[in-house]
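Participant: What the sequence shown shows, in this note's numbering, is residues 96 to 345, in sequence order. Ideal Cβ positions, reconstructed from N, Cα and C, are used throughout, including at glycine. Dumping the structure here so I can ask a few things about it.
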Amino acid sequence: MPPRRVVSLVPSLTEAVAATAPGLLVGATDWCSHPAELAVTRIGGTKNPDVPGVLALGPDLVIANDEENRRPDLEALRAAGVPVWVTDIRTLDDAFRSLDRLLTVACRLPRPAWLDEAEEAWRDVRPSGDRGPRAVVPIWRRPWMVLGRDTFAGDLLRRLGLRLVHAEHPERYPAVPLPELLADRPDLVVLPDEPYRFTAEDGPEAFPGIPVALVGGRHLTWYGPSLAEAPAVLRRAIEHPFVQGETTAP
């Protein structure tokens with residue numbers, strides 16, 4: 096039987112299911128902000144879901160992600176007899192394949208039009224090889240952490256022509272001290288608003304004289320309906336960065 100009560104532990108997957116089959120979701124995390132009108136029971140965060148609260152909803156499917164959710168929580172749900180579908184997404188191609196399988200196989204829904212639109216939006220996006228700007232992409236500060244190798248967000252930026260300074264780093268999200276980031280002399284710094292909420296007042300001041308692109312995390316790190324508009328939104332931010340005044344930051 097197709098699932099009728101789904102709990103999502105991943106914001107982007109929440110939006111994907113809600114956009115495809117309104118009413119199928121009965122629970123989602125506190126961080127599931129899209130769609131704005133989503134009216135379901137909140138069951139905590141991605142890293143600390145209320146497992147008893149999830150079970151109390153009587154789900155016949157829980158959807159999760161290998162990176163965003165903790166294995167002990169998923170194992171506890173499975174031990175209680177709840178089917179758990181776990182995605183593992185490192186590239187845009189992974190995202191398209193995984194979303195199709197989640198919706199058509201796990202949820203047994205028709206393939207949604209928005210997924211076709213997202214694939215079409217990215218079809219003609221081609222990287223510029225070794226000619227693009229060298230970019231640093233912090234995702235946290237205190238300590239500073241950046242995108243390293245093998246990340247979904249990094250793949251999107253590569254397709255948009257950026258060369259990530261830390262793309263070959265042994266770690267996927269390495270901690271790199273600010274002096275080292277500055278010593279790499281990047282052409283561009285990309286600051287998303289999640290997981291750390293970088294803003295025009297919090298982040299750019301650490302990179303005086305370097306062009307900064309502020310981007311929405313939903314367009315950079317989410318795999319769902321936002322992928323349809325992500326190429327245009329991200330490209331606009333990358334092509335129109337701003338340069339912070341000559342100030343310093345701790």
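If L156 and V135 are in contact, beta carbons under 8 Å, what's the gap, nearest whole angstrom?
Facilitator: That belief does not hold up - the Cβ atoms of L156 and V135 are roughly 14 Å apart, past 8 Å.
Participant: Identify which residue in D125, W126 and A131 has its Cα closest to the Cα of P117.
Facilitator: When only C-alpha atoms are compared, the closest one is A131.
Participant: Using 8 Å as the threshold, is the C-beta distance between W317 and P106 below it?
Facilitator: Contact flag set, yes.
Participant: Output the residue ranges of the alpha helix (DSSP H) runs that lie fully inside the segment 179-250 and measure 4 residues or longer, sorted by chain position.
Facilitator: You should have 187-196 and 208-218.
Participant: Roughly how many whole angstroms lie between the Cα atoms of L315 and P287?
Facilitator: Answer to the nearest angstrom: the Cα atoms are 7 Å apart.
Participant: From R267 to R236, what does the alpha carbon distance come to, in whole angstroms?
Facilitator: Distance between the alpha carbons of R267 and R236 is about 16 Å.
Participant: Classify A346 as helix, strand or coil using the three-state DSSP reduction.
Facilitator: Given that the chain is displayed from residue 96 to residue 345, the structure contains no residue 346 and the question cannot be resolved.
Participant: Which residue wins for smallest C-alpha separation from G312, given the options A327, A248 and G298?
Facilitator: Here the closest residue by C-alpha is A248.
Participant: My understanding is that L187 touches A111, with C-beta atoms under 8 Å, so please give their C-beta distance in whole angstroms.
Facilitator: With 8 Å as the limit, L187 and A111 do not qualify as a contact, their Cβ atoms being about 14 Å apart.
Participant: May I ask you to verify whether the segment 249-265 touches the segment 193-213, counting CB pairs closer than 8 Å and requiring at least 3?
Facilitator: Touching, no, given that fewer than three Cβ pairs across the two stretches are closer than 8 Å.
Participant: If we call anything under 8 Å between Cβ atoms a contact, is L133 one with A213?
Facilitator: No; because the gap between Cβ atoms is not below 8 Å, this pair is not in contact.
Participant: On a Cα-Cα basis, can you pick out the residue from A123, V101, D219 and P207 that is closest to V179?
Facilitator: The candidate whose alpha carbon is nearest that of V179 is V101.
Participant: So, for I158: in the same chain, excluding its five sequence neighbours on each side, which residues have a beta-carbon less than 6 Å away from its beta-carbon?
Facilitator: Excluding positions up to five away in sequence, the list reads S103, L108 and W180.
Participant: Does P281 come out as helix, strand or coil in the three-state DSSP assignment?
Facilitator: Three-state result, P281: coil.
Participant: With a threshold of 16 other CB atoms inside 10 Å of the CB of E334, please say whether the residue is buried or exposed.
Facilitator: Its Cβ having fewer than 16 others within 10 Å, E334 is exposed.
Participant: In chain order, what residues of the same chain lie with their CB nearer than 8 Å to the CB of R206, ignoring the 5 residues before and after it?
Facilitator: Closer than 8 Å at Cβ, skipping near neighbours: D195, L198 and T199.
Participant: Tell me the DSSP secondary structure of G139 in three-state form.
Facilitator: Correct three-state label for G139: strand.
Participant: Please report how far the alpha carbon of E275 lies from the alpha carbon of L329, in whole angstroms.
Facilitator: If I take the Cα positions, the gap works out to 26 Å.
Participant: The ligand MN and H335: does any heavy atom of the ligand fall closer than 7 Å to the residue's C-beta?
Facilitator: Only the bare structure without any ligand can be found here, which leaves the ligand MN out of the picture.
Participant: Opposite T294 in the DSSP bridges: which residues?
Facilitator: DSSP lists D297 as partners of T294.
Participant: Report the rounded CA-to-CA distance for E300 versus F337, giving the unit in angstroms.
Facilitator: Taking the straight line joining both Cα atoms gives about 11 Å.
Participant: Report the residue from A114, E163, G227 and R192 whose alpha carbon sits nearest the alpha carbon of P290.
Facilitator: Answer by Cα proximity: E163.
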